[in-house]
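What follows is a single structure, written as structure tokens, with notes after it.
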């Protein structure tokens, strides 16, 4: 699982030692009493647990047939069992890949001297001038070209080891759930000085030696051992952390031999249960808890735990935004009540897990509830809202009513004004106190929904915005997921969303994998005719990761339409095309194939092409943008003529304005305020004014600003002016003329370094003193009819209502100014540092 992430996880100085526990260990009837892992603090016993099929367990619980049962014939022909030696080899290879991901010595600027004939393309080649000794780019004949290459050595960047692994070794699906027993070491008894003195031991170093468990001699030359002067040792406290995803795991868990081992269970006093839906009601589990009633039991389960608002600051911010603009913001979906009585018969044995709860192991085992966080008091949050802000909000609502005719006229000019945009995550790099990372849902009536990026916890954000029944509707109407690039804050939530769609639409039942390279009857139009396939459109690396990950987790890949898209190159008049993703395992057949089969393979590749009309789209175009390798911006035109353009992360891009011409709405990142222009350039992001200039350049009717810096974001105030100086105009600030698609650099051999985890090669620290607290006024040339909306998490807005948003600017500016002042008041005092001489020192 970890190794599949090799293309987008890159860390230095974080060594990770991976141990894999498979089905064979899960079935071991006589586990060793020696811990699986131990250090100076704790001992850990791993408990791999495999599910017991219904036919074997005799359980009355319902169970869906497994993937192998459904596809028994196909699996038997396509997936041969791995022999032990093959498994060991595959594991060693995967561990090596993971080691390079977290503790790599690779550098982007390290060049290696290599004979030009041995260079693997694509790559950028350099040569050293024999006279000046300076490096220059090699421009001569290249390997594989028509001209003969010279017999010279060139300098080329050593590929990152992860890039050399095109495909991971074959693997077998594992349904093992991992649980653990952990325990502190035995604590040596306290030293008793009086006993040592009575035995004639001299006070001083010998006392210290005895307290450390070492033998000493007394004044008579007799040996005094630690047990003669120490109190009895105390067994270290411990607990078992148990993961039971479904009913099928219960029998295997309760029958584990560890529970009867005195050596392992000594000191263990608590079970911490993580239970899947309906597992808490299993009779065998209830009986096990009854048998272990001398233990503490803390249970986390969707059947027992309330769906409380967990992120108070984010929820509070949304509640306050709802007081300003109740049409666009609502209280996040939650339910503080629990209705299940599945553990009623356990007679108080169980403690329901809650936020802030602690399990103390030493000096005695206790379940502590004194730090449990109180439920968010929604009415209190509303009552604390500033009257000044509420007055500004009331004025804004009145202004909207007074301007209804003008606002309606603008909305009526749009191709489809009822399209709804939901900004699920509007922050950059990492989740923060108020904003989650990138995800935007576009709901197009009569067509379906499209998800633009899916950072971590996108599914959680969807569950906070939409009630369960509406969320089910959204899953059923979800047609496309677009992933702009391989940074984790834009795609780590993709699999969770697909899994939910897979469960809702297909009952988690797999289908035959579609492979245009080998399926003679491949027909894209027929595959989309039932509208039950979810298209994931992105670059090849993203689709390759989804395909690889599907080998260890059936999250629904077999039901997807994985589509890679070629970039639009305006200067060459090349349009984007969609192609069904063909895994590297299939394309490897190209290597060494007879020339006569070339045309046949070309036919297969051509057959893999998918027209936008198959997705019921009028058109979809993308361009490569300046951010990281493979980053793309996209423009999508729907049957009604509604056109949405989405930037992803990038510097301002003129090619993006070309494909976005005539957009109804441009959704653009605005990571930095205008004062931080240098940071935007260094980190390949966009300022507020630059984002607006791109939207103006494409003639967008509306612009939604998102992906704000978690540190510096403020609410921009738009000011329309006749002045030329300083006014945002069409791409005045956006000078990206670069045709990135023609870049032949070997970035494909480098990891996609996440902006959230800077390394020594990409650090560009910002100067926080540049970020003043005043609201920034952005000047827009008078005459522009483009309407602008600043996005916050959980915002649901109809495109036709975006023109209303400027009315709420004063209220929003006042709200965030007050919140910033409040945070300054409660900011904790800077910690004091001790320096030589013992005097405290404070940082200014």
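Residue numbers (UniProt numbering): 1 to 844.
Every residue gets a Cβ at the ideal spot worked out from N, C-alpha and C, and that includes glycine.
- Beta-bridge partners assigned by DSSP to residue 443: 420, 449.
- Apart from sequence neighbours up to five positions away, the residues of its chain that approach residue 637 with a beta-carbon distance below 6 angstroms are 618, 619, 643, ordered along the chain.
- 298 is the residue among 281, 298, 119 whose C-alpha sits nearest the C-alpha of residue 348.
- Going by DSSP, residue 360 is part of the beta strand (DSSP E) stretching over 358-360.
- In the three-state reduction of the DSSP assignment, residue 661 falls in the coil class.
- Pairing residue 480 with residue 565 gives a Cβ-Cβ distance that is not under 8 angstroms.
- At a cut-off of 3 residues, the continuous stretches assigned as beta strand (DSSP E) that sit fully inside the stretch 283-358 are 296-300, 350-352.
- Remark: C-beta atoms of residue 662 and residue 417 do not approach each other more closely than 8 angstroms.
- Proximity to residue 296 across 241, 494, 233 peaks at 241, based on C-alpha coordinates.
- Every unbroken stretch of the beta strand (DSSP E) spanning 3 or more residues and falling wholly within the stretch 620-680 is given here in chain order: 632-637, 643-646, 665-669.
- Residue environment for residue 19: exposed (fewer than 16 other C-beta atoms within 10 angstroms of its C-beta).
- Under the three-state reduction of DSSP output, residue 113 falls in the strand class.
- Assigned with DSSP and collapsed to three states, residue 397 falls in helix.
- Only residues of its own chain outside the window of five on either side were considered, and among them 808 have a CB closer than 6 angstroms to the CB of residue 325, listed in chain order.
- About 17 angstroms separates the Cβ atoms of residue 476 and residue 458, ruling out a contact at the 8 angstroms cut-off.
- Here residue 48 carries a strand assignment [DSSP, helix/strand/coil].
- A distance of 8 angstroms or more separates the beta carbons of residue 421 and residue 165.
- Bridge pairing for residue 106: absent [DSSP].
- As computed with DSSP, residue 528 is found in no beta bridge at all.
- With respect to the 8 angstroms criterion, residue 498 and residue 434 are not classified as neighbours on the basis of their beta carbons.
- Residue range 268-275 is occupied by the beta strand (DSSP E) that includes residue 271.
- Straight-line spacing of the CA atoms in residue 53 and residue 248 works out to 6 angstroms.
- Under the 8 angstroms Cβ criterion, the stretch 463-475 does not count as touching the stretch 517-526, having fewer than three qualifying pairs.
- Between residue 193 and residue 213, the C-beta gap is not smaller than 8 angstroms, which leaves the two residues out of contact.
- Nearest to residue 244 by alpha-carbon distance, out of 300, 217, 216, 222, is 300.
- When the five nearest sequence neighbours on each side are left out, the beta carbons in the same chain lying within less than 7 angstroms of the beta carbon of residue 235 are those of 186, 266, 267, in order along the chain.
- Residue range 238-244 is occupied by the beta strand (DSSP E) that includes residue 243.
- Here DSSP, grouped into helix, strand and coil, assigns residue 788 to strand.
- In this structure residue 453 is not in contact with residue 641, their Cβ atoms being roughly 24 angstroms apart against a cut-off of 8 angstroms.
- Out of 509, 614, 494, 551, the CA that lies nearest to the CA of residue 528 is found in 614.
- Listed in chain order, the beta strand (DSSP E) elements of length 3 or more contained wholly in the stretch 685-709 are 702-706.
- A direct Cα-to-Cα measurement between residue 812 and residue 577 gives close to 42 angstroms.
- When secondary structure is reduced to three states using DSSP, residue 613 falls in the helix class.
- Nearest to residue 102 by C-alpha distance, out of 547, 9, 622, is 9.
- Between residue 657 and residue 674, the beta carbon gap of about 20 angstroms keeps them out of contact (Cβ cut-off 8 angstroms).
- Listed as beta-bridge partners of residue 229 by DSSP are no residues whatsoever.
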